[in-house]
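Counting from 1, position 232 in the sequence shown corresponds to residue 232 in the UniProt record's numbering; the numbering is continuous, with no gaps.
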Amino acid sequence: MPIDCAVSGDGDRLLAAVSGDLDLGAVADLRIRLLKCLAEQPRALLVDLSRMTVSEPLALSVFTAVRRQAARWPGIPLLLCAPEPMTGSHLRNARHRSLPVFPTVEAADRHVGVDRDTLAMLNDELLPVLGAARQARNLATEACLRWDLPDLLAPASLVASELVSNVVDHAHTMMTMRLTLRPRYLQIAVRDGSTAEPVRRPSPETVARRGRGLMLIEATAHAWGWLPTHNGKVVWASLPVA
């Protein structure tokens, strides 16, 4: 049975119910589906394995890779739930022992519910026009002032401006910018409606007109990257909170 992944949830936490047989040939598709869940920036991602079998145990490494991305951005837990006995046995192998596994979805949900402090967050919808970068800088400034992050005023404004300008220059779609304050990082993410990868090295014309785009973000941020969404992508960057 081919692998499938049905996603449900309320935005606070997403549940990805995986069904079918997991082998190495299914890894790429499952990885993309789970990364799209992360792009929604939930508080937690629960993965229900009760209807999944494993014909090639090495394929379980897909969950390790996605968990690593979840920790990097958006900084959320990924929890595996209700594996079949044989799958559970594979997950107890030393290679996968770091993965958090819970006997039921309810048990995983209770674990997530232990720490659900309200996150500080600001969102804005932006048009792909020249004034969008200024609007992004204003929102970044508002976030830093509201959350008492004076040292991040300049870098956050730069990162926000460059992320939004990249959409204006290349994606040409409506976008949503979100700033989230987590315990260690200020996260800035911009979601657009283009599936094309972000352009890391701009053309000479773009450099002359505006700057070096994602290369500046790479030099300024602690980390940055991008993930596919169901109808585009989200490009993110994180700045350390002193």
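Even glycine gets a Cβ: it sits at the ideal position worked out from N, Cα and C. Just so it is clear, the structure is predicted and the values come from calculations on it, not from any experiment.
Output yes or no for whether 9 Å exceeds the beta carbon distance between residue i and residue j.
i	j	result
Arg31	Asp12	no
Gly226	Val234	The displayed chain sequence assigns Trp, not Gly, to residue 226. Yes; because the gap between Cβ atoms is below 9 Å, this pair is in contact.
Thr173	Gln41	no
Leu122	Ala136	no
Ser55	Asp23	yes
Val241	Arg184	yes
Leu149	Leu119	no
residue 255	Ile188	Because residue 255 is not part of the residues shown, which for the chain are 1 to 242, the question remains open.
Glu106	Leu49	no
Hey, how far is the Cα of residue i from the Cα of residue j?
i	j	result
Arg72	Val190	16 Å
Leu58	Leu99	14 Å
Glu218	Gly232	21 Å
Leu46	Val62	14 Å
Thr104	Gly88	12 Å
Val167	Met175	8 Å
Asn138	His170	22 Å
Gly20	Ala26	10 Å
His222	Leu152	12 Å
Ala39	Met86	30 Å
Asp192	Ala160	14 Å
His90	Cys144	45 Å
Arg134	Val112	37 Å
Thr53	Ser238	36 Å
Leu96	Ser194	According to the sequence shown, residue 96 is His rather than Leu. Approximately 35 Å between the Cα atoms of the pair.
Gly9	Leu80	15 Å
Thr141	Arg200	25 Å
Ser165	Ala82	44 Å
Thr220	Leu163	12 Å
Ala70	Ile76	6 Å
Pro74	Pro2	29 Å
Leu64	Leu216	Per the sequence presented here, residue 64 reads as Thr, with Leu not at that position. One C-alpha to the other measures close to 30 Å.
Arg33	Ala196	17 Å
Val7	Asp124	25 Å
His230	Leu35	10 Å
Arg110	Arg182	21 Å
May I ask which residues mark the beginning and end of the beta strand (DSSP E) holding residue i?
i	result
Glu197	Here Glu197 belongs to no beta strand (DSSP E), and DSSP marks it neither H nor E.
Asn166	Taken as a continuous stretch (DSSP letters only), Asn166 belongs to no beta strand (DSSP E), being part of the alpha helix (DSSP H) at 153-166.
Ala223	223-228
Pro16	The displayed chain sequence assigns Ala, not Pro, to residue 16. Run containing Ala16: 13-22, per the beta strand (DSSP E) assignment.
Val235	233-240
Glu125	120-126
Leu45	44-54
Arg68	That residue, Arg68, is in no beta strand (DSSP E); its alpha helix (DSSP H) goes 61-72.
Thr141	From DSSP, Thr141 is part of no beta strand (DSSP E) but of the alpha helix (DSSP H) over 132-146.
Leu80	78-81
Arg182	Arg182 -> no beta strand (DSSP E), and no H or E assigned at all.
Could you give the residue range of the alpha helix (DSSP H) that holds residue i?
i	result
Leu216	214-220
residue 243	Since the first and last residues shown for the chain are 1 and 242, residue 243 lies out of range.
Ala6	Premise fails: Ala6 lies in the beta strand (DSSP E), 4-9, not in any alpha helix (DSSP H).
Leu34	27-39
Asp109	105-113
If I'm right that residue i touches residue j with Cβ under 8 Å, what's the distance once you round it to whole angstroms?
i	j	result
Ala17	Arg51	7 Å
Leu78	Arg67	4 Å
Ala108	Phe102	4 Å
Leu214	Pro228	Rounded, the Cβ-Cβ distance is 17 Å, inconsistent with contact.
Leu14	Cys37	5 Å
Does the beta-carbon of residue i, which I'm using as the reference point, lie nearer than 8 Å to any heavy atom of the ligand GTP?
i	result
Gly193	Of the ligands one can find in the structure shown there are none, so the ligand GTP has no counterpart to examine.
(request) Decide yes or no for the touch test of the region 151-158 against the region 117-131: beta carbon pairs closer than 8 Å, at least 3 of them. (result) no
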